[in-house]
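Just so you know, the protein sequences line up as chains L and S, in that order.
Quick note: the first sequence uses full-length UniProt numbering, first residue 1, plus one each step.
Quick note: the second sequence uses full-length UniProt numbering, first residue 1, plus one each step.
One structure below.
2 protein chains.
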Amino acid sequence: MKVLSAFLLTLCIGIANSFAQDGPIIRDGEFTFLLAQKGDEWKEQDQRIDARLEEIRAANDGRPPNILYILIDDVSFGQMGNRTLNYVTGIETPNINELAGEGLSLMRMYTEPSCTPTRTAMLTGRHPVRAGVEEVKVALVGEGLSAEEVTIAEILKEVGYNTAHVGKWHQGDIEQAYPHNQGFDWAAFPLHQQVQLSLMTREAMTANNMLGFHASGQNNQFAIDQRFKPYGLVTGVEAEAGAKAREVGMDPGEEWTQAKYEEMNERYQRQILEQLERLAGEDAPFFLQYWPLYPLNFVYPDQAISRNGGFHADKLQLLDGWIGDLLARVDDLGLRDNTIVVLMADNGLMYHYEGTSGLNQLIYRGGKTQHLEGGVRTDAFIRWPGVIEPGNAAGDIIHVSDLFTTFARIADATDYIPRDRVIDGLDQTALLLEGEGNSRRDYVYVYEGTVLRSVVKQEFKMHLPAPGQPGAAAPVFNIYRDPREEHPQVGYSLWSGASFQDMVKRHQLTIANHPHLPLGKGVPYEGIENLRPESELTREVFASWQ
Amino acid sequence: MKVLSAFLLTLCIGIANSFAQDGPIIRDGEFTFLLAQKGDEWKEQDQRIDARLEEIRAANDGRPPNILYILIDDVSFGQMGNRTLNYVTGIETPNINELAGEGLSLMRMYTEPSCTPTRTAMLTGRHPVRAGVEEVKVALVGEGLSAEEVTIAEILKEVGYNTAHVGKWHQGDIEQAYPHNQGFDWAAFPLHQQVQLSLMTREAMTANNMLGFHASGQNNQFAIDQRFKPYGLVTGVEAEAGAKAREVGMDPGEEWTQAKYEEMNERYQRQILEQLERLAGEDAPFFLQYWPLYPLNFVYPDQAISRNGGFHADKLQLLDGWIGDLLARVDDLGLRDNTIVVLMADNGLMYHYEGTSGLNQLIYRGGKTQHLEGGVRTDAFIRWPGVIEPGNAAGDIIHVSDLFTTFARIADATDYIPRDRVIDGLDQTALLLEGEGNSRRDYVYVYEGTVLRSVVKQEFKMHLPAPGQPGAAAPVFNIYRDPREEHPQVGYSLWSGASFQDMVKRHQLTIANHPHLPLGKGVPYEGIENLRPESELTREVFASWQ
Chain L
1 MKVLSAFLLT LCIGIANSFA QDGPIIRDGE FTFLLAQKGD EWKEQDQRID
51 ARLEEIRAAN DGRPPNILYI LIDDVSFGQM GNRTLNYVTG IETPNINELA
101 GEGLSLMRMY TEPSCTPTRT AMLTGRHPVR AGVEEVKVAL VGEGLSAEEV
151 TIAEILKEVG YNTAHVGKWH QGDIEQAYPH NQGFDWAAFP LHQQVQLSLM
201 TREAMTANNM LGFHASGQNN QFAIDQRFKP YGLVTGVEAE AGAKAREVGM
251 DPGEEWTQAK YEEMNERYQR QILEQLERLA GEDAPFFLQY WPLYPLNFVY
301 PDQAISRNGG FHADKLQLLD GWIGDLLARV DDLGLRDNTI VVLMADNGLM
351 YHYEGTSGLN QLIYRGGKTQ HLEGGVRTDA FIRWPGVIEP GNAAGDIIHV
401 SDLFTTFARI ADATDYIPRD RVIDGLDQTA LLLEGEGNSR RDYVYVYEGT
451 VLRSVVKQEF KMHLPAPGQP GAAAPVFNIY RDPREEHPQV GYSLWSGASF
501 QDMVKRHQLT IANHPHLPLG KGVPYEGIEN LRPESELTRE VFASWQ
Chain S
1 MKVLSAFLLT LCIGIANSFA QDGPIIRDGE FTFLLAQKGD EWKEQDQRID
51 ARLEEIRAAN DGRPPNILYI LIDDVSFGQM GNRTLNYVTG IETPNINELA
101 GEGLSLMRMY TEPSCTPTRT AMLTGRHPVR AGVEEVKVAL VGEGLSAEEV
151 TIAEILKEVG YNTAHVGKWH QGDIEQAYPH NQGFDWAAFP LHQQVQLSLM
201 TREAMTANNM LGFHASGQNN QFAIDQRFKP YGLVTGVEAE AGAKAREVGM
251 DPGEEWTQAK YEEMNERYQR QILEQLERLA GEDAPFFLQY WPLYPLNFVY
301 PDQAISRNGG FHADKLQLLD GWIGDLLARV DDLGLRDNTI VVLMADNGLM
351 YHYEGTSGLN QLIYRGGKTQ HLEGGVRTDA FIRWPGVIEP GNAAGDIIHV
401 SDLFTTFARI ADATDYIPRD RVIDGLDQTA LLLEGEGNSR RDYVYVYEGT
451 VLRSVVKQEF KMHLPAPGQP GAAAPVFNIY RDPREEHPQV GYSLWSGASF
501 QDMVKRHQLT IANHPHLPLG KGVPYEGIEN LRPESELTRE VFASWQ
């Protein structure tokens with residue numbers, strides 16, 4: 001939606017809105033296919049669910065629950081929340097383990113295989129490909145999440161939620177894509193991501209992790225192009241909805257360092273506590289996002305704090321402590337009971353750095369950027385005291401986009417989910433309220449960028465054949481028997497090839513009927529009021545060849 | 001020890017014995033090296049431990065605790081005892097998970113990489129190579145655990161324990177090696193192992209897991225040798241100490257089948273309950289071993305009971321239920337409080353069957369027969385109510401041979417540990433009583449058969465170089481950062497090569513000073529009173545070429 005209208009709409013909640021539309025939500029063909037099998041049963045269940053949600057709100061003075069959504073970067077399934085696996089890795093996450101034990105562990109949470117698309121999926125409830133979104137590159141792109149996309153923050157604002165975002169955003173460098181223009185009342189976030197903030201430093205070079213970037217590490221008289229290496233990038237900004245953003249903590253000409261990266265992480269930790277406190281004092285429910293930059297980090301500590309001691313690993317253990325502090329503050333502020341806390345990772349780890357980073361592939365094979373389970377399976381925990389019993393777990397398939405639809409339902413804001421585009425996110429409120437076995441999906445489509453690479457159905461997963469290859473040539477795996485996707489069974493391929501092909505067809509038919517929307521385009525760094533001269537320069541250079 | 005003297009000795013407990021000797025236990029050089037660093041501290045701790053053990057016995061009418069030792073076959077670390085990993089594999093082990101939660105989870109239990117050696121290590125407290133033991137082969141060998149070896153059962157009998165063994169034994173086909181001749185008052189066990197019992201069947205052939213063995217599956221007019229395939233093997237026997245064994249459940253000429261294998265498993269489950277009941281009624285502490293044959297199994301069920309449904313996987317879930325029944329019986333008989341229950345696996349899974357078996361490498365790479373962590377790291381849980389707090393875990397290194405020394409200490413039988421041979425098993429009572437961080441070892445030597453293949457020290461592990469290769473060529477891994485041993489770091493090799501070499505030297509020096517003892521030799525199937533004609537025949541044929 002347009003920035004201005006979003007801002008005005010917040011002034012007239014309940015009177016009018018631009019999202020509410022008649023008709024059903026447009027679904028992917030695969031869900032419609034399931035609906036034909038289970039529709040009556042789910043309709044009946046939905047009546048129970050509505051009554052229960054009503055009852056929960058009534059017990060809280062009519063207020064729907066607050067939502068605290070913590071999204072950790074690049075951590076594969078099993079890296080946090082489980083004591084046994086803590087022992088395997090030598091990384092302790094006692095606070096996340098405790099959180100996991102207090103609610104529902106989602107044992108088959110699928111994300112997209114990279115930061116930008118997972119975050120888009122959660123924000124919009126759509127496979128990012130439908131919004132034209134791939135991974136946002138490290139330097140200037142003039143692209144980002146379109147204003148036409150409707151985020152969960154915008155939807156929750158429609159029903160009176162206060163919203164704030166702290167930490168990684170990674171939805172593009174154009175003004176319409178910034179969080180405070182996508183439904184968040186307030187936001188503190190870096191314009192780009194950790195390649196800039198944690199790798200493009202002198203320290204990461206001497207730590208043997210980013211050779212060739214820093215000027216001091218290159219001595220090549222044949223180099224002509226001085227614009228090959230990213231330069232002058234904006235770092236962290238802060239902003240209120242509808243206002244300009246302001247870069248913080250960087251003076252003109254200053255060099256970005258590891259120390260500055262660490263300060264930025266500490267600042268976000270401070271700010272999430274401040275925001276929580278501020279929102280707790282308001283007379284409205286809140287939706288608060290904490291998307292830390294850690295554990296991504298590429299410099300070894302002077303003194304290991306974990307037994308593992310790897311440069312990622314140590315920051316994961318540090319971050320666990322910070323999350324403990326945040327959850328303690330939730331308690332101190334008396335928010336525990338009517339606050340849903342969701343903690344999860346956005347995608348698998350950067351396996352390229354395994355061995356020395358201290359994180360490793362662990363159970364599932366593969367990592368970030370890959371359609372393998374190691375790329376798209378993450379730890380995910382939901383705590384909702386009084387509603388979800390402690391110690392619960394669910395083996396159902398769930399996709400990160402489902403959070404969009406589920407949060408909307410719980411906030412009684414389903415009416416504001418747009419009806420003019422495909423929504424992939426399914427309402428999983430039944431899973432939360434009635435437990436394991438109540439997911440509305442037994443399938444996931446797994447994309448790498450714009451390419452559909454795998455289809456998951458129940459325990460079966462097909463790696464799609466290359467174009468022109470027959471379906472029978474596509475490997476099919478049983479994820480329970482072979483979590484690392486190393487032993488395809490030809491028998492599966494032979495019986496399931498046609499069924500998987502039908503699933504792909506249903507998905508493609510949906511796309512044909514509802515074509516993808518375009519990615520947002522614009523001028524990089526618009527809407528930042530204090531651009532440094534070097535940032536102005538990089539913007540001018542970028543504009544010169546567009 | 002000789003069978004007869006063992007029998008007579010049980011009649012004069014406390015008066016005389018052949019094991020008790022003066023002088024210290026002979027240790028491997030590496031432990032002596034640690035002792036020089038920690039000896040004073042451990043001496044002081046041992047005084048506390050002795051007082052505490054005294055106190056525990058006093059609280060139980062002077063009786064040391066019963067010990068129920070459950071050893072599961074071929075299951076890698078993470079396959080049982082952990083809900084998260086249950087969800088990964090689609091195999092539920094709620095009873096084992098519950099047991100794990102009631103005591104101490106040993107997070108770095110090392111075994112030997114195969115059935116026979118692990119069992120020997122536990123029984124004798126020695127690296128099996130010291131007793132001449134490698135894996136006992138599938139058919140007749142005329143070899144087995146020597147009567148000269150002193151087992152934990154023999155030691156516990158010295159201080160008045162009743163002993164019994166039910167299930168897999170796999171210590172050889174000669175009379176001196178049978179459990180009832182190695183310290184167990186009563187035993188029910190198969191003479192061989194599951195290759196015979198579960199793979200050499202018509203059903204395993206039609207299940208595509210054992211092609212070429214069953215006569216109906218071979219039609220080759222060029223075959224001359226009718227003795228190439230094992231035949232006429234003895235199946236399950238039962239015996240009392242000092243008496244002859246008797247084969248049960250097989251008539252002359254009868255063909256062994258999958259149904260018979262399943263009956264055998266069910267019989268052992270029945271018998272472990274019977275033995276428990278019998279021993280509970282005696283006026284003495286007991287040492288009871290249950291070494292199930294399941295989950296090894298090579299035929300698919302008609303109806304999957306687990307989500308996984310693999311032929312191993314389903315039996316693991318079934319076995320978990322049986323263990324639940326056994327532990328419930330412990331409770332029913334009022335034994336819970338003064339009974340130590342140890343449950344663990346003997347080595348990693350048969351990765352050769354992963355994919356279809358339903359078990360897989362999961363976290364650590366490799367499996368049975370291999371020195372990789374996947375071969376020698378297993379789940380291990382100890383419950384000791386009132387002594388070990390529920391919900392405990394320890395990241396310390398421990399080796400299966402340590403159970404020998406630890407059980408002896410707890411039973412106040414350390415004096416009966418022989419002083420004329422190297423004992424590798426370390427006393428880990430401090431770890432049980434004072435918790436994590438109190439292991440007496442930070443190292444393990446990992447053999448494959450008679451070849452030392454790896455040395456583990458703290459988080460570092462060296463795969464030993466091939467003969468003639470320099471130490472710097474040997475890969476060294478950090479097990480926390482790289483549990484799958486896929487990313488050796490040359491930096492580790494360079495600084496640790498010399499230290500690892502010193503460790504090998506200390507170990508070799510010990511061997512030079514205390515040479516290995518010979519494996520027991522004899523006539524196969526001696527001491528079985530009802531040999532079938534086909535078993536007589538195979539024995540005669542075997543004798544003919546020896």
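Where a beta carbon is used, it is the ideal one built from N, C-alpha and C, also for glycine.
Remember, it's a predicted structure, so these values are computed and weren't measured experimentally.
Output, in chain order, the set of chain S residues within a Cβ distance shorter than 8 Å of Q361(L). Reading the first sequence from its first residue, position 361 is the one you call residue 361(L). Within chain S, the residues near Q361(L) are R484.
Once you ignore the five residues that flank L517(L) on each side, which residues in its own chain have a CB closer than 7 Å to its CB? Position 517 of the first sequence, counted from the start, is the residue given in the question as residue 517(L). R130, A131, G132, S146, E148 and R421, listed in sequence order.
Would you please verify whether the beta carbon of M1(S) is less than 9 Å from any beta carbon of chain L? Looking up residue 1(S) in the second sequence gives position 1. The predicted position of M1(S) is uncertain, since its pLDDT is 39 and thus under 50; no value can be drawn from it.
What are the residues in the region 292–312 of chain L lying within 9 Å of chain S by C-beta distance? S306, R307, N308, G309 and G310
Quick one: grab the DSSP three-state call for Q370(S). The sequence position of residue 370(S) within the second sequence is 370, counting from 1. In the structure shown, Q370(S) sits in coil (DSSP, three-state: anything other than H, G, I, E or B).
By DSSP, does V490(S) sit in helix, in strand, or in coil? If you number the second sequence from 1, residue 490(S) lands on position 490. It is helical.
Can you give me the C-alpha to C-alpha distance between L431(L) and R365(L), rounded to a whole angstrom? By 1-based counting over the first sequence, the position of residue 431(L) is 431. By 1-based counting over the first sequence, the position of residue 365(L) is 365. Between L431(L) and R365(L), the C-alpha separation is close to 27 Å.
Spell out the partners DSSP gives G309(L) in its beta bridges. On the first sequence, residue 309(L) is found 309 positions in, with the first residue counted as 1. Paired residue(s): none; G309(L) is not in a bridge.
Alpha-carbon to alpha-carbon, K229(L) and N220(L): Translated into positions along the first sequence, residue 220(L) becomes position 220. Translated into positions along the first sequence, residue 229(L) becomes position 229. Approximately 14 Å, taken between the alpha carbons.
Where are the beta strand (DSSP E) runs, 3 residues long or more, that stay fully inside the region 197–252 of chain L, in chain order? Within the region 197–252 of chain L, the complete beta strand (DSSP E) runs of at least 3 residues are 236–240.
Just to confirm before moving on: does the CB-CB distance between I72(S) and P285(S) stay below 9 Å? For the purposes of this step, residue 72(S) is taken as the residue at position 72 of the second sequence. For the purposes of this step, residue 285(S) is taken as the residue at position 285 of the second sequence. Not closer than 9 Å, so no.
In chain S, which residues lie less than 8 Å from Y290(L) when you measure between Cβ atoms? Translated into the one-based positions of the first sequence, residue 290(L) becomes position 290. Per Cβ cutoff of 8 Å: no residues; Y290(L) is ~24 Å from chain S at best.
Beta bridge counterpart(s) of A345(S) as assigned by DSSP: For the purposes of this step, residue 345(S) is taken as the residue at position 345 of the second sequence. I72(S), per the DSSP bridge assignment.
Do the region 148–158 of chain S and the region 403–410 of chain S touch if we need at least three Cβ pairs shorter than 8 Å? yes
Which same chain residues, not among the five before or five after D424(S), have their C-beta less than 6 Å away from its C-beta? Locating residue 424(S) in the second sequence gives position 424, counting from the first residue. D28, R126, H127 and S401, listed in sequence order.
Hey, E30(L) and Y492(L) are a contact pair by Cβ (cut 8 Å); roughly how many whole angstroms apart? Here residue 30(L) refers to the residue found at position 30 when the first sequence is read from its first residue. Here residue 492(L) refers to the residue found at position 492 when the first sequence is read from its first residue. Not confirmed; about 19 Å, so no contact.
Where the region 40–56 of chain L meets chain S: residues whose CB sits under 8 Å from a CB there: none
Quick one: what's got a C-beta closer than 8 Å to P465(L)'s C-beta in the same chain, skipping five residues either side? Counting from 1 along the first sequence, the entry for residue 465(L) is found at position 465. So the qualifying residues of the chain are G471, A473 and A474.
Please report whether the beta-carbon of N438(S) lies at a distance below 9 Å from any beta-carbon of chain L. For the purposes of this step, residue 438(S) is taken as the residue at position 438 of the second sequence. Chain L, which has no Cβ nearer than 9 Å to the Cβ of N438(S), makes this no.
So T89(S) contacts chain L; which residues on that side make the cut at Cβ distance below 9 Å? Stepping through the second sequence from its first residue, residue 89(S) is reached at position 89. Ordered by position in chain L, the residues that pass the 9 Å Cβ test against T89(S) are Y480, R481 and P483.
Any beta carbon from chain L within less than 9 Å of S535(S)'s own beta carbon? Within the second sequence, the letter at position 535 stands for residue 535(S). By this cut-off, S535(S) is not an interface position.
Taking 7 Å as the limit between beta carbons, can you name the residues of its chain near G386(L), skipping five residues before and five after? In the first sequence, residue 386(L) corresponds to position 386, counting from 1. Around G386(L): D337.
Restricting to Cα atoms, I'd like to know which of S439(L), H192(L) and A187(L) is closest to G232(L). If you number the first sequence from 1, residue 232(L) lands on position 232. The shortest C-alpha to C-alpha distance from G232(L) to any of S439(L), H192(L) and A187(L) is the one to H192(L).
Assigned exposure category for W545(S) - 16 Cβ within 10 Å defines buried: Stepping through the second sequence from its first residue, residue 545(S) is reached at position 545. Burial call: exposed.
Assuming N392(L) and G435(L) form a contact by the criterion Cβ under 8 Å, report the distance between their Cβ atoms to the nearest whole angstrom. Reading the first sequence from its first residue, position 392 is the one you call residue 392(L). Reading the first sequence from its first residue, position 435 is the one you call residue 435(L). Yes, they are in contact, since the Cβ atoms of N392(L) and G435(L) sit about 7 Å apart, within 8 Å.
So the alpha helix (DSSP H) Y290(S) belongs to, where does it begin and stop? In the second sequence, residue 290(S) corresponds to position 290, counting from 1. In this chain, Y290(S) is not harboured by any alpha helix (DSSP H); it is covered by the beta strand (DSSP E) spanning F286 to W291.
Closer than 7 Å, Cβ to Cβ, to anything on chain S: give me those residues from the region 106–129 of chain L, in chain order. M107
CA nearest to the CA of M344(L), picked from P65(L), P418(L), E459(L) and L319(L): Taking the first sequence and counting its residues from 1, the one referred to as residue 344(L) is at position 344. Looking at the Cα atoms, L319(L) is the closest of the given residues.
Cut-off 7 Å between Cβ atoms - residues of its own chain near L211(L), not counting five sequence neighbours on either side: Position 211 of the first sequence, counted from the first residue, corresponds to residue 211(L). For L211(L), where only same-chain residues beyond five positions count, the Cβ hits under 7 Å are M205 and G217.
Tell me which residue opens and which closes the beta strand (DSSP E) that A394(L) is part of. Mapped onto the first sequence, residue 394(L) falls at position 394. Counting along the chain, the beta strand (DSSP E) containing A394(L) begins and ends at N392 to H399.
Ranges of the alpha helix (DSSP H) found wholly within the region 397–449 of chain S, counting only runs of at least 4: If we require 4 residues or more, the alpha helix (DSSP H) runs fully inside the region 397–449 of chain S come out as 402–410 and 429–434.
Taking N82(L) as the query, report the chain S residues whose CB atoms sit under 9 Å from its CB, ordered along the chain. Stepping through the first sequence from its first residue, residue 82(L) is reached at position 82. N82, R83, T84 and L85, listed in chain order.
Chain-ordered chain S contacts of H352(L) [CB-CB under 7 Å]: Your numbering for residue 352(L) matches position 352 in the first sequence. In chain order: nothing, as chain S lies at least about 11 Å away.
If I follow the unbroken alpha helix (DSSP H) through V541(S), where does it start and stop? Numbered from 1 along the second sequence, position 541 holds the residue referred to as residue 541(S). Counting along the chain, the alpha helix (DSSP H) containing V541(S) begins and ends at P533 to S544.
Listed in chain order, which residues of the region 392–411 of chain L have Cβ atoms closer than 9 Å to some Cβ of chain S? So the close ones are A393, A394 and G395.
Quick one: which chain L residues come within Cβ less than 8 Å of T356(S)? If you number the second sequence from 1, residue 356(S) lands on position 356. Simply R481, H487 and Q489.
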